[in-house]
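Residue numbers (the numbering used here): 606 to 870. For reference, the structure discussed in these notes is given below.
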DNA sequence: ATGGTCGTCCAACGA
């Protein structure tokens with residue numbers, strides 16, 4: 606089973622790239638962030654023609670998350686199942702939970718936070734905290750769960766191009782990293798870090814200043830698997846090719862492969 | 001030379 610996550614930065618603008626990528630890579634499940642679509646603008650027919658069942662949670666213009674699956678989708682829940690976070694982000698389309706082939710799939714688009722100390726920064730911390738309550742409401746750590754998406758947090762200094770240059774900004778502050786750690790502590794494994802301990806593996810690069818070609822990025826798009834699912838992990842990668850060429854998103858997809866479940870004894 | 005780009009939709013603003 607191949608599970609991928611991709612912040613596409615507008616599904617309308619990116620659909621040609623997403624459609625081609627689905628055709629070439631054929632993930633079983635793709636979690637999408639920043640569709641920037643209202644639900645009635647989601648390209649359901651095109652998604653179906655590509656062989657996927659799509660579920661979308663959007664509001665138009667900003668945010669918007671989706672799950673595309675070719676192994677079925679049920680138990681759809683839009684937004685928070687537990688207490689929502691304080692602040693405006695509670696009503697934003699940033700969270701969608703479904704079940705695909707027995708795996709609870711949670712797609713997340715965490716608030717950016719704007720600047721350390723800004724009101725939106727504290728809302729981001731509250732949002733990440735509310736995500737833990739959401740996980741408690743929809744699953745237990747003994748279930749097969751994957752929480753993936755754009756967390757807008759670089760978990761440690763290996764995940765940014767220059768820790769000194771990033772110091773004082775969002776995505777790397779101790780409070781954000783602690784809020785992220787509480788999500789992991791629910792019972793999840795960062796599957797990329799389970800396979801690689803290298804610095805310099807990124808999933809996002811600023812459009813400006815040739816950042817991609819200069820290898821100036823951050824790893825903020827993460828696949829977090831519960832222990833029962835992580836035990837089946839075979840491989841994980843960042844598809845940097847999807848960041849190249851004409852009209853790319855500023856994020857690359859991250860994808861993990863899981864072995865089939867062992868047959869019952 | 002101290003910025004540099006996208007997306008939303010036409011004016012800034014958010015990332």
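The beta carbon of each residue, even a glycine, is placed where N, CA and C say it ideally should be. From a predicted model like this one, the values you see are computed outputs, not experimental measurements.
Does DSSP classify residue 761 as helix, strand or coil? coil
Residues near residue 768 in its chain [Cβ-Cβ closer than 6 Å; skip 5 each side]: 762
By a C-beta neighbour count over all protein chains shown, 10 Å radius and 16 as the cutoff for buried, is residue 742 buried or exposed? exposed
Alpha-carbon spacing of residue 760 relative to residue 796, whole angstroms: 13 Å
Are the region 843-857 and the region 614-625 touching, with three or more C-beta to C-beta distances below 8 Å? yes
Candidates 643, 830, 723, 683, of which the one nearest residue 773 by Cα: 723
When we look at the beta-carbon of residue 641 and count the other beta-carbons within 10 Å, is it buried (16 or more) or exposed? buried
Kindly list the residues whose CB is nearer than 6 Å to the CB of residue 812, restricted to its own chain and excluding five residues on each side of it in sequence; keep chain order. 855
First and last residue of the beta strand (DSSP E) that includes residue 671? 670-674
Pick out whichever of 827, 850, 804 has its Cα sitting closest to the Cα of residue 818. 850
Grab me the residues of residue 665's own chain with a C-beta within less than 6 Å of its C-beta, minus the 5 sequence neighbours each way, in chain order. 643
Taking the straight line between their C-alpha atoms, what separation do you get for residue 792 and residue 746? 5 Å
Using a Cβ-Cβ cutoff of less than 7 Å, which residues in the same chain neighbour residue 683 once the five nearest sequence positions on both sides are dropped? 662, 701
If contact is defined by three or more beta carbon pairs under 8 Å, each pair taking one atom from either stretch, is the region 778-794 in contact with the region 829-843? yes
Please report the residue range of the beta strand (DSSP E) in which residue 873 lies. In this structure the chain extends from 606 to 870, so residue 873 is not present and cannot be described.
By Cβ distance, which residues of its chain are closer than 6 Å to residue 840, with the 5 residues on each side in sequence left out? 862
Could you check whether residue 729 and residue 744 sit closer than 9 Å to each other, using their CB atoms as the reference points? no
Cβ separation of residue 658 and residue 707, assumed to be a contact under 8 Å, to the nearest whole Å: The Cβ separation is near 15 Å, so there is no contact.
Should residue 650 go down as buried or exposed, given a rule of 16 or more other Cβ atoms within 10 Å for buried? exposed
N-terminal and C-terminal residue of the alpha helix (DSSP H) that residue 790 is part of: 779-790
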